[in-house]
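Chains as they are written, first to last, in the UniProt record's numbering: chain P, 1 to 260; chain H, 1 to 65.
Each residue gets a CB set at the ideal place from its N, CA and C atoms; glycine is no exception.
Heads up: the structure comes next, in structure tokens.
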Amino acid sequence: MKFYDEEISSRFLIGTALYPSPAIMLEAIKASRAEIVTVSLRRESGTEQAGQNFWSFIKDTGAKVLPNTAGCKSVKEAITTAHMAREIFETPWVKLEVIGEDDSLQPDVFGLVEAARILTEDGFQVFPYTTEDLVVAEKLIAAGCEILMPWGAPIGSGRGLNNIYGLRSLRAHFPNIPLIVDAGIGLPSHAVAAMELGYDAVLLNTAVAKAGDPVLMATAFALAIESGLQCYQADPIEKRDMAAPSTPVAGLPFWNQDHA
Amino acid sequence: MNIVVNGQPVTTQAASLSDLLAEHGYGTAKVATAVNGTLAPASMRHEQEIVDGDQIEIVAPMQGG
């Protein structure tokens with residue numbers, strides 16, 4: 001599948017924050033088999049230059065980077081952060097976050113749509129971190145977004161998919177737009193659920209980085225995401241209320257018409 | 001003159017943004033810069049004058065989700 005003009009095979013996008021060490025981060029990225037990693041920008045000290053080491057680690061992975069605008073609370077902050085990210089990471093991609101509320105880190109969808117429009121007009125390829133709201137999704141697409149990244153639940157909460165109906169509706173309304181569940185995933189089963197809904201990919205960070213064994217958890221998520229993808233492609237059966245025998249009944253020993 | 005660099009008050013005589021980066025030891029570090037909330041591209045740092053009261057941001061790659 002394609003994210004903008006890039007061909008992508010892995011359906012797992014992984015974050016680079018919160019790992020116990022850079023070495024474990026690198027091992028977890030490798031175990032995830034992700035092709036895309038999210039990164040950020042922070043103030044750099046001239047004496048410590050912590051960002052320089054981090055950047056050399058990430059470059060060594062060979063992964064594509066998706067810079068975010070995490071922490072931005074206004075359109076202007078997000079746009080300036082995106083401009084700085086484009087210069088430093090040399091990519092038009094940006095995971096656009098405009099945060100509207102501190103406790104839930106819920107997107108400010110009004111600012112998000114405005115920032116998405118401005119950045120798209122400026123040549124960016126925007127990956128908007130949004131809610132599952134259909135009308136907001138339509139406005140983001142009208143603003144030029146060719147991908148949507150609805151949340152599963154608040155960032156770092158590990159709650160899974162809070163609104164499966166909403167996510168299913170979004171999938172149904174936009175069958176041809178790549179949809180990535182971004183945020184709130186806690187367990188591989190949550191990722192399977194997202195992929196079974198027909199989502200194209202899952203982006204997560206905390207669930208792997210803060211696990212007791214991040215490398216093993218990255219493997220668990222990679223398997224889960226692949227499993228969910230194959231399930232969706234295999235067209236699963238519908239649920240029903242009553243039993244339906246899987247073993248053919250006709251011809252069983254002791255069978256007669258009275259049992260029918 | 002007095003400016004603010006990454007949220008901290010700084011007194012400097014640097015005439016340009018590139019002088020300021022050199023003065024603070026950034027050397028060849030991969031950083032992006034903004035002056036008063038707007039990107040100051042790397043290619044323009046020599047021409048980017050620093051004036052009293054400027055708010056400068058100097059950022060680098062960092063972990064993110």
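- For the region 22-52 of chain H, the beta-carbon criterion of a distance under 7 Å to any beta-carbon of chain P is satisfied by 24, 25, 26, 29, 30, 31, 32, 34, 37, 38, 39, 41 and 42.
- By the C-beta criterion, the region 38-47 of chain P is judged to be in contact with the region 23-39 of chain H, since at least 3 inter-stretch pairs fall below 8 Å.
- For the set P:134, P:81 and P:158, the Cα lying nearest the Cα of residue 167 of chain P is the one of P:134.
- Annotation: the continuous beta strand (DSSP E) that includes residue 129 of chain P extends over 125-130.
- At a cut-off of 3 residues, the continuous stretches assigned as beta strand (DSSP E) that sit fully inside the region 74-153 of chain P are 93-96, 99-101 and 125-130.
- Contact note: residue 84 of chain P reaches chain H through 32, 33, 34, 39, 57 and 59, using a C-beta cutoff of 8 Å and chain order.
- Closest by C-alpha distance to residue 44 of chain H, out of H:6, H:4, H:21 and H:2, is H:21.
- Here DSSP, grouped into helix, strand and coil, assigns residue 211 of chain P to coil.
- In this structure, residue 3 of chain P sits away from residue 185 of chain P, with a CB-CB distance that is not shorter than 7 Å.
- No residue range can be given for residue 51 of chain H, since it is assigned to no alpha helix (DSSP H) and is classified by DSSP as neither H nor E.
- Those residues of the region 38-57 of chain P placed with their C-beta closer than 7 Å to a C-beta in chain H are 38, 39, 40, 41, 42, 43, 44, 46, 47, 49, 51, 52, 54 and 55, ordered along the chain.
- Residue burial is scored here from C-beta neighbours: residue 217 of chain P has at least 16 other C-beta atoms within 10 angstroms and is therefore classed as buried.
- Residue contact check for residue 1 of chain H against chain P: no CB pair falls below 7 Å.
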